[in-house]
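Participant: Reminder that position 152 of the sequence shown reads as 158 in this note's numbering, one-by-one numbering, no gaps.
By construction, the Cβ of each residue, glycine as well, lies at the ideal position given by its N, Cα and C atoms.
Predicted model, so just to flag it, every value in this text is computed and none were measured.
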Amino acid sequence: MPELPEVETICRTLAPMLVGSAFARAELVWPGCVANGSASDFEVLLAGSLCTGISRRGKYLLIALDHSRWLGVHLRMTGRFTMMDGGADRDSHLRAVLHLKDGRELHFIDQRKFGRLALAIGVEGLRHFLRRLGPEPVIDDAGTSHLEPGHDGDGGGPGFEQVANPDFMTSASLAARFSGRRAPIKSLLLDQKSVAGLGNIYVDEALFRACIHPLRSAGSLGAAEIGNLCQAIHDALAQGIENRGTTLSDYRDALGESGSNQTKLLVFRRNGKPCPVCGTDIIRLRVSARGTHVCPRCQVDPTDLSAPLNPTKPTRTR
Numbered sequence: 007m008p009e010l011p012e013v014e015t016i017c018r019t020l021a022p023m024l025v026g027s028a029f030a031r032a033e034l035v036w037p038g039c040v041a042n043g044s045a046s047d048f049e050v051l052l053a054g055s056l057c058t059g060i061s062r063r064g065k066y067l068l069i070a071l072d073h074s075r076w077l078g079v080h081l082r083m084t085g086r087f088t089m090m091d092g093g094a095d096r097d098s099h100l101r102a103v104l105h106l107k108d109g110r111e112l113h114f115i116d117q118r119k120f121g122r123l124a125l126a127i128g129v130e131g132l133r134h135f136l137r138r139l140g141p142e143p144v145i146d147d148a149g150t151s152h153l154e155p156g157h158d159g160d161g162g163g164p165g166f167e168q169v170a171n172p173d174f175m176t177s178a179s180l181a182a183r184f185s186g187r188r189a190p191i192k193s194l195l196l197d198q199k200s201v202a203g204l205g206n207i208y209v210d211e212a213l214f215r216a217c218i219h220p221l222r223s224a225g226s227l228g229a230a231e232i233g234n235l236c237q238a239i240h241d242a243l244a245q246g247i248e249n250r251g252t253t254l255s256d257y258r259d260a261l262g263e264s265g266s267n268q269t270k271l272l273v274f275r276r277n278g279k280p281c282p283v284c285g286t287d288i289i290r291l292r293v294s295a296r297g298t299h300v301c302p303r304c305q306v307d308p309t310d311l312s313a314p315l316n317p318t319k320p321t322r323t324r
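(1) Please report how far the alpha carbon of L125 lies from the alpha carbon of F48, in whole angstroms.
(2) Quick check: what's the CA-CA separation for T176 versus L271?
(3) For G265 versus R250, is the C-beta distance shorter than 7 Å?
(4) Of the choices H105, D173, Y208, whose alpha-carbon is the least far from that of L196?
(5) For a minimum of 3 consecutive residues, which ranges assigned as the beta strand (DSSP E) are wholly contained in the region 97-130?
(6) Does T15 come out as helix, strand or coil in the three-state DSSP assignment?
(7) Which residues bound the alpha helix (DSSP H) around H240?
(8) Please list, in chain order, all residues of the same chain as T19 whose beta carbon is under 7 Å from its beta carbon, the five residues on each side excluded.
(9) Out of C217, S27, H299, point me to the one whose CA is closest to D72's CA.
(10) Residues in the same chain with beta-carbon distance under 7 Å from M7, minus the five sequence neighbours each way, listed in chain order, please.
(11) What is the DSSP secondary structure of Y208, reduced to helix, strand or coil?
(12) Identify whether L143 lies in helix, strand or coil by the three-state DSSP scheme.
(13) Would you decide whether G228 is buried or exposed? Buried here means 16 or more other CB atoms lie within 10 Å of its CB.
(14) Take S200 and list the residues in its own chain whose beta-carbon comes closer than 7 Å to its own, dropping the five residues that flank it on each side.
(15) Look at the alpha carbon of C304 and the alpha carbon of A212, and state the distance between them as a whole number of angstroms.
(16) With respect to the alpha helix (DSSP H) encompassing L52, which residues constitute its N-terminal and C-terminal limits?
(17) Please state the DSSP three-state secondary structure of L71.
(18) Please report the straight-line C-alpha distance between I191 and A202, rounded to a whole angstrom.
(19) Suppose the cutoff is 6 Å on Cβ atoms and the five residues either side in sequence are ignored; what does the same chain contact list for E154 look like?
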């Protein structure tokens, strides 16, 4: 599933090709990809719209349109966008074609059919669309942003940052979310209300960097551990963005190119291989019905009384 770095990379690669272009019409090959309203309403509202900018919130791609409208996209498991010349060959998993007035076609391809397109009307419509998302994890406690400037065009009215008004993840926001919670830390990090944009890959990577076992109860973390985890999340996401995302199977950016972060992963899908810090074999277990990758030495199992008390802290590999 595309997570924050993958969606951010799609945003960056799609913006130069789409911002400033106008949509001629929408061709819904599979009308079920429309999340809100009818397929016919979607087609009518999109026709003639001008793309004025592209933003991202959590795992959502937000295409700003004129007249204070937004096309929200959740790629889910296998969704992706590819810009094509008019009349190009069509993928067997094509779900929608957004025809541009200049003759190009923006293809929405989704093998599993979980991805969705939705139109948000007005500022309140956008805020309602994003209402369940927690803080953005892209600006760290020191105020350093891991994102490029917004991809905005001219004449589009208020931008996403002005109307969505997202909070940003800090050690304090994590501490408030975790306080008194007995649920495993991994479960809370996967909850988009806790932190927007994290998924299985980057949660495993961040927990390893912070030397925290995914089964630790969230409420048991001390202030220093939460601070380390906050920084680890920033570092794991920044590395993913720098490497243009993680391609394990379906993910491609808007240019059709794979990411390279899969070659930089520290623990995810490396079970049976040596930990890059201590050399212990990485193991795979299940947490909240998710495959989870752990170094049993660097990340102490809270139920294992024989585990070392002072695990080796991984370096912040970027």
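Facilitator: So, to answer that:
(1) Roughly 7 Å between the two C-alpha positions.
(2) Using only the alpha carbons, I get a separation of about 24 Å.
(3) Contact: yes.
(4) Checked all of H105, D173, Y208; the closest Cα to L196 is Y208.
(5) Whole beta strand (DSSP E) segments, 3+ residues: 100-106, 111-116, 122-127.
(6) DSSP places T15 in helix when its eight states are reduced to three.
(7) Judged by DSSP secondary structure, H240 falls within the alpha helix (DSSP H) whose first and last residues are 229-248.
(8) In chain order, D259, A260, L261 place their CB closer than 7 Å to the CB of T19, counting only its own chain and leaving out the 5 sequence neighbours on each side.
(9) From the listed residues C217, S27, H299, the smallest Cα separation to D72 is found for S27.
(10) Within the same chain, M7 has close Cβ partners R82, M83, G205.
(11) If DSSP states are grouped into helix, strand and coil, Y208 belongs with the helices.
(12) First, the amino acid is wrong: residue 143 is Pro here, not Leu. Looking at P143 - three-state DSSP - the assignment turns out to be coil, as it is neither helix nor strand.
(13) Burial call: exposed.
(14) The beta carbon of S200 lies closer than 7 Å to those of G140, R183, L194 in the same chain, with the five residues before and after it left out.
(15) So the alpha carbons of these two residues sit roughly 13 Å apart.
(16) Run containing L52: 45-52, per the alpha helix (DSSP H) assignment.
(17) Correct three-state label for L71: strand.
(18) Those two C-alpha atoms are separated by around 15 Å.
(19) A caution first: E154 carries a pLDDT of 47, below 50, which makes its placement in the model too unreliable to give a value.
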